Every structure is written in structure tokens, then in C-alpha cells.
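Just remember that my numbering sits 23 ahead of the position in the sequence shown, which is counted from 1.
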Amino acid sequence: MSESPGAAVSLASAPPAEKTPEPSSEPRVVRPAAEPAEAERPGGDDTAPRPLTAQRVLPLRRPGRWIATAIVLVLVAQIAHGLVTNPFYQWDRFPYWFLRPTILDGLLVTLEVTAYSAVFGLLGGILIALGRLSRSPVLRAVSWSYTWLFRSVPLIVVLLFLYNFSALYKTLSLGVPFGPAFFTFDESRLATDIVVAVVGLSLNEAAYASEVVRSGILAVDQGQHEAALALGLPKSYQFTKIVFPQALRSITPNYVNLLINLIKSTSLVFYVSLLDLFGSAQSMGSTYPGDIVPLLLVATVWYLILTSAVSIVQFYVERYFARGATRTLPPTPLQKLRTGLRDLRARARREAAI
24 MSESPGAAVS LASAPPAEKT PEPSSEPRVV RPAAEPAEAE RPGGDDTAPR PLTAQRVLPL
84 RRPGRWIATA IVLVLVAQIA HGLVTNPFYQ WDRFPYWFLR PTILDGLLVT LEVTAYSAVF
144 GLLGGILIAL GRLSRSPVLR AVSWSYTWLF RSVPLIVVLL FLYNFSALYK TLSLGVPFGP
204 AFFTFDESRL ATDIVVAVVG LSLNEAAYAS EVVRSGILAV DQGQHEAALA LGLPKSYQFT
264 KIVFPQALRS ITPNYVNLLI NLIKSTSLVF YVSLLDLFGS AQSMGSTYPG DIVPLLLVAT
324 VWYLILTSAV SIVQFYVERY FARGATRTLP PTPLQKLRTG LRDLRARARR EAAI
């Protein structure tokens, strides 16, 4: 039977069937379509999207922060305006008393008493802290009792008790306990006003410094103690070269707080007949009743200067002991100022470019 020619033509001209692609184990990579040219984009250059680097990032709006800032600025402005314009403060008398010889002499007494008391108080605090950490029950009990006593009794009571100490003990002797005395001292000649002030402040300071030193020693990692013991180092070398230098990083900020409090506590030595800064201002105020407020302002400003100087020293001491504990040292105030100015210039350049 013969085939139809039309059918043969139709079969021959039929397109070949498409082959189904075999599954491949390799992941398919979808390539993004090419972006149209700038001329082909609808809208022209005006509606073209800007790159992300040229877009400005708007910060979050924080109305609460701005309101709080405005309130604080208003309060500070009111306080400053009251200090300047209130005639009660008598600022015209302030320069007259600020550098008077009487005030400067009292300032020197304050510095002298503070320096001696800070040194003796720190040394006593170290000894008491070591007694608290000792294995001897007697040393622990005595050290704890000393700390408990002087932290409980007000400083003014300690100063007044020492000031009247000669009424209890006329003479002091040094010799064999419960035996003969080798040396005898007259307590009234030995205990001058400045000695009474230094001893009283040092005894009180040592009680608080002992807790600061003890907390700093306990803050040192136990592995440091074990490493020192493994090396076979003597106990004294372990403490002076390994433990105490690391403890100073924790001791410094807390002890500076005690030192600032000590500077202010020297105002109490006026009650044991020692004219320090506050005592000199108080004495001049009783002589010139009309200048009491300017004299108090002078004493206040001098105390602010002293505590600010101590705070500056504290920053650099903490920065020194942070060398082995942090990767980067905290910036100094001058470095912070330079960084702030550089950031302001960079921000201004970005604003100008946008």
C-alpha cells in the first residue's frame, strides 16, 4: 500500500522534539539581568536611583533626650544667673580674700595634714588588710576590731579624744611591758596641734583604706597566686611584685575617693585649734562678719581646685596601671579634644559634599 505524499511531506517538515535536559548535581547560577543604560531608563537622570553611598542616613528622632537637655540647660542657666546677679554673694570681695596670706597659710596647713595623713593612712591600711587576710586568728581578730571601731566612731570624736589625751595620760613611756621604762615622754609637748590632727586623721583613714586594699587584693585572679606559688617565689616577693601591682588597678579609684574625702575632712581640725583652710576662713569671718559669705566661697573654690587636681592625677595613675589590662589605653583629654575636632571637620565635609 502506497503512502500519501502529503502525509510524507508533513512528517518530514515537523520540527524535531526538544530533548529534556538531564538533571545535574551542580547548582544552577542565576545571573542578574543587565541593568539598562542611563538613556534607556524611564524618566531620564532625574528619576534615576542614587547610589547608597550618596544617600544620607537620618538618625532616629529622640524627643525625650532633647526635652531633658533643654530642661537641664534652663536650670543651669538659672543657677548661673543667680550666682552672678545675687548681691548676697558679694563677688567684689572674693578677689580680695582669695590670695590673702591668712588664707594661703591655712591652705598650706591643709595640704600638709592631708599629705601626712594620706601616706600614714595608706601604710596603716595595708598592714591592717594583711592582718585581715592572715592565717593567724589573733591578727585577724585585732585587725577586724580596729576596722570596726574606727569605722563606727565619728572623726570629730576621735580628734577631740586625742586632743584631750593628756588628761588621761600625762606621760608616755617606752620599755619592757609591765616592767621598767627606758624612755619617758611628756605627752603635752609631744602632741602638738598638727600631730593630733595627723594622728587622728591617719587612724580614721587606715580603717577605711584597709577595706579598699583588702578588696583590691581579693580582686586579683587566683591563678596569679597559684602561678607565683608554682615558681617558688617568697611570700614577700609575691606580694610586692605580682599581687599588689595588679591590685593597685582596683585600689586606685576607691582610694582616691578616700583621699578626696580626706581633703574635706581636714576642715574638722579647726576644732582642735589648728587653723587650716576652713579654720582660717572661719576665723576671718568672725573678725569681719560682713564678709562671711565671700570667705566661704573662697574656701569652697580652693577645695574644688584641690579635688580637681587629685582627680586629674587619678586619671593618669589609672591609665598607667591599665597598660597590661586593656588593648588600647584610654585617651587623654587632649586626645579626646583632637578626635572631636577631627570628627566635626569630617562631618562638615560630608554635609558639604551632599
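No residue lacks a Cβ here, since even glycine has one placed at the ideal position from N, Cα and C.
The model shown is predicted, which means the values in this text are computed figures rather than measured ones.
In the structure shown, residue 224 adopts helical secondary structure according to DSSP, grouped into three states. Residue pairing by DSSP places residue 255 in no beta bridge whatsoever.
Per DSSP, residue 197 is one residue of the beta strand (DSSP E) stretching across 194 to 198.
Of all C-beta pairs linking the stretch 146 to 154 to the stretch 232 to 251, three or more are shorter than 8 angstroms, placing the two stretches in contact.
Secondary structure at residue 201: coil, using DSSP grouped into helix, strand and coil. Under a 10 Å Cβ-count criterion, residue 304 is classified as buried, with 16 or more other Cβ atoms of the shown protein chains found around its own Cβ. If you look at residue 101, you'll find it in the alpha helix (DSSP H) that goes 86 to 108. Taking a contact to require three or more Cβ pairs closer than 8 angstroms, the stretch 281 to 298 and the stretch 95 to 112 do not qualify as touching. Inter-residue distance for residue 90 and residue 84 is about 12 angstroms (C-alpha atoms, whole angstroms). Distance between residue 269 and residue 131, taken at the CA atoms: about 34 angstroms. No residue range can be given for residue 187, since it is assigned to no alpha helix (DSSP H) and is classified by DSSP as neither H nor E.
In this structure residue 333 is in contact with residue 282, their Cβ atoms being roughly 6 angstroms apart against a cut-off of 8 angstroms. Comparing C-alpha distances from residue 339 to each of 196, 353, 365 shows the shortest one belongs to 353. Inclusion of residue 167 and residue 155 in the CB contact set at 9 angstroms is warranted, their separation being smaller than that value.
The Cβ atoms of residue 105 and residue 228 lie no closer than 9 angstroms to each other.
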